[in-house]
Amino acid sequence: MRRALGRASVALAVILLSTPAHADDVLHPGAAVLDTPTVITLGVQLLVTGDDDHDATVNVRFRPTGDVDWRDGLPLFRVRPEDVVGRTVPQQFAGSLFDLTPGTTYDIELHAVDPDGVDQTIALQGTTRDVPGEPASPTPIPVTTVAGLNAALGAAQPGHVITIAAGTYTGQFVIYASGTAANPIVIRGTSTDGTILDGNGCNSCNVLEVYGSYVHLERLTLQHANRALRFQGAAALDNVVRRVRIRDVKLGIGSQSDQRGFYLCDNVIDGRLSWPQVYADDGGAKSNDDGIRLEGGGHVVCHNQIRGFGDAIKIGQDGSRAIDVYGNEILSAYDNGFEFDGCEGNVRAFRNRFTNTYATLSFQPVYGGPAYAIRNVVVNVADEQMKFKALGLVPPHEPSGMLVYHNTFVSPEIALNLQTPAVSRHFVLANNLFVGPNPPGPRVVDWSAGIVDGTIDSNGWFPDGRFDFDAPGNWLSFAAMHASGVFEQHGTLLAEPIFANGLAAPATYTVTLPGQDVTLAATSNAVDQAAFALPNVNDGFTGAAPDLGALERDCPIPLYGVRPDGIDETNAPIGCGGPTVTTTTTSSTTSTTLPYITVGTTSLTLRDAPANAAKRKVSFKSSTRRDPSLNRIVPPARGGGGDPTIGGAVLEVADTAGIGQHVTVALPASSWTAIGNAAKPAGFRYRGASGSAIKSIVVKADGITVKGGGASWPFTLASAPQGRVAVRLVLGSERPWCAEAPPKNATSDTVERFLAFPRTPAPVDCPTLP
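Residue numbers for the sequence shown, in this note's numbering: 330 to 1099.
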């Protein structure tokens, strides 16, 4: 990660600059151009001259071609090239349209108005990309050996579908060929966990190198090397990585310059770093351990689960445009969750969830913008929530053009922290939640950056205390800041309860939190408080006005991380804040019934004694009484397909972030009994035979408890750390209940004990077991 200089030692010039003389105050619209389209967004640039007094506006509306009704989009952002150092950026208005339909053509109207004498409408059309699909003319190429795989890669032609049988294939692999848009080359395993390409611990190589374009990699595992996957072809086009697992690597997915149109989605990517190891511990020695590195533009990075890297997702080429990062579940980052660093405009991070990060959203710098951060959930930030920082050059490359809307930040030390002598230019922070510890430390806000043309308004803050923005003002309370007229004229000092589940800032960042539900409490004064109307962002609100923060109350929670099989941008139901997956079908909503039910982990303990297997123990509890309806435990009906007294049951326990240990225990029907009576059924109970691995299981309304252990329990802890442990229980032919939890802290994941983080919420999807 790029780093700025330290905290400014002198006060910096800020906010109001004298107005210079202008040569031409009249806006002269020029060409309207589209950025490289992505699957669900379109980026627009309107090139202009004039408007030296910067009082022109450009509003946007759009519709699918052929439709009658128009929708408003966010107004285009006025890029300020005069304040961009390090790149030549044209005079322009620019902006993005969100949550569009894949493969669809849209009519777009730009309405430019300048009080100095312009009122002009500019029409254009743009078409979103399709979700990548199958070759139009596929040629099956089955592979069962390493030699066969190398031969298939060496002879690959457009339309080849190289299907790799289950097994481990050791070595380093390379493909030079390219497919075509109609007939990509597909490299596909039989299953994500069954087909493994293993780098054999090589610390200077890549498991797979791809030099061409239109190459799809799907449903396999890459592991045990310096880097899992490197796209080596400069200017390569439309490569795909989908439903791939990457583990035990320093670098996940790498890139080369000027690549375009990649689709990197629904992957699980695990690095070698463990939270709470952070940048400050070793001066950034691991900051270039990258989960996904992007260069060029038009890329889609969506619904991945990433942990264990310096930077989870980063931009590696200055001037990149039109990149979408959405739906990702970032479970840890030693440095940054997402780096906008070096991007030029229409780069968009929305509806991601970042947990356990050092400096979450980095804008170091943005060259003009707009760079969007919208509806992201950010919990447990060790240092800075947003890095509005510069490169340490002379003159400094300072950030300009950041639009930060409707995010939720929950941090253990300072609600908003920014330490840099760089000046932040032409930005907006609006409708966000900034939640710090209660009682506060010396400051609720500690912001040292200079500010030029920065709007900070309509945000929610907790708790009350010192709001120190350096030169703009240093106020002892929220009320004093509000009264100053500088910031937060429409802001809100939050009262408890804030979140429906009682979430509060952790006492220290060194805890390892699972992804958190930041749904607002019904009585929260953040509800209906967003003062900034943002068409195409918050116009689908419930109640009297949009809510502050990432999640609109009474709307479905977005899906973070890997989507269920069969779900993508073409069929995910749209909730108030974007695509969601539910189990409800109504006359007005098309949705999907998931093949599992995820539940929370109230407690989970595994014990082992390396020299005495008889001392092994396992205990698990899930209590769901206060959880959303989709994550509640409902025992199956007596006599039905899920009755374990008829069909038995199966319990599985696995580590999902370590070496992949996986234990399956059959629970015969003869050991199950029904609880209660026919009139008032109360669930089912299992009692294991003497010496069996599982001693007892109770399944009742809103509750599952599991107890077992002894020499017959095969799950060992000798390969600690486990990283995360998943539990899956299925009764008869019912859908399984799935849970997954990280350790409580580093000392809770050893060769003798795994103690899960208590009250871990239900995972977004059923974890893939090794």
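Cβ coordinates follow ideal geometry from the N, Cα and C atoms, glycine included.
Computed from a predicted structure; not experimentally measured.
Here the alpha carbon of glutamine 374 sits roughly 7 Å from the alpha carbon of aspartate 364. Under a 10 Å Cβ-count criterion, glycine 462 is classified as exposed, with fewer than 16 other Cβ atoms of the shown protein chains found around its own Cβ. Proline 1096 sits away from serine 932, with the two beta carbons spaced by 7 Å or more.
Under the three-state reduction of DSSP, glycine 483 is assigned to helix.
When DSSP states are grouped into helix, strand and coil, alanine 563 belongs to the coil group. Of the other Cβ atoms in all chains shown, 16 or more fall within 10 Å of the Cβ of glutamate 898; this residue is therefore buried. Looking at the DSSP output, threonine 684 shares a beta bridge with Val708. Comparing alpha-carbon positions, the option among His735, Val947, Ser1048 and Pro741 lying closest to glutamine 990 turns out to be Ser1048. The alpha-carbon of valine 764 is positioned some 23 Å away from that of alanine 873. For isoleucine 369, the three-state secondary structure derived from DSSP is coil. In the structure shown, the three-state DSSP call for glycine 477 is helix. Under the three-state reduction of DSSP output, leucine 405 falls in the coil class, being neither helix nor strand. Distance from the Cα of asparagine 555 is smallest, within the candidate group Leu429, Lys579, Thr993 and Gln818, for Lys579.
In the displayed model, lysine 944 falls within a helix according to three-state DSSP. A contact between stretches requires three or more CB pairs, one per stretch, nearer than 8 Å, and the stretch 740 to 750 meets this requirement with the stretch 761 to 781.
In this structure, the CA atom of alanine 1018 is about 7 Å from the CA atom of lysine 1024.
Per the Cβ contact rule, the stretch 429 to 444 is in contact with the stretch 389 to 408 (3 or more Cβ pairs under 8 Å). Assignment of beta-bridge partners to aspartate 640 by DSSP yields Asp619. The stretch 447 to 455 makes no contact with the stretch 479 to 492: fewer than 3 CB pairs, one atom from each, lie closer than 8 Å.
Taking 7 Å as the cut-off, the Cβ atoms of aspartate 412 and serine 729 count as close.
Between proline 875 and asparagine 760, the beta carbon gap of about 7 Å places them in contact (Cβ cut-off 8 Å). Segment contact: the stretch 1072 to 1081 against the stretch 975 to 982, fewer than three CB-CB distances shorter than 8 Å; contact not assigned. Under the three-state reduction of DSSP, glycine 890 is assigned to coil, being neither helix nor strand. Per DSSP, reduced to three states, the secondary structure at alanine 1030 is coil, with no helix or strand assignment. For proline 471, the enclosing beta strand (DSSP E) covers residues 468 to 472.
Bridge pairing for isoleucine 903: Pro908 [DSSP].
The C-beta distance from threonine 519 to alanine 495 rounds to 5 Å, short enough to meet the 8 Å contact threshold. Listed in chain order, the non-local C-beta contacts of proline 792 below 6 Å within the same chain comprise Asn767 and Pro769, local neighbours out to five positions each way being set aside.
Close CB contacts of glutamate 1063 within its chain, under the 6 Å cut and outside five residues either way in sequence, are with Pro965 and Gly971 (chain order).
In the DSSP assignment, tyrosine 543 is bridged to no other residue. Taking a C-beta distance under 7 Å as the contact criterion, asparagine 596 and valine 570 qualify as a contact pair. For the pair phenylalanine 683 and glycine 895, the Cα-to-Cα distance works out to about 25 Å. According to DSSP, cysteine 1067 shares a beta bridge with Thr927 and Arg1057. Its Cα nearest to that of valine 490, the residue Ile514 stands out among Gly508, Gly600 and Ile514. Annotated three-state conformation of glycine 698 is strand, per DSSP. Judged by DSSP secondary structure, phenylalanine 756 falls within the beta strand (DSSP E) whose first and last residues are 752 to 759.
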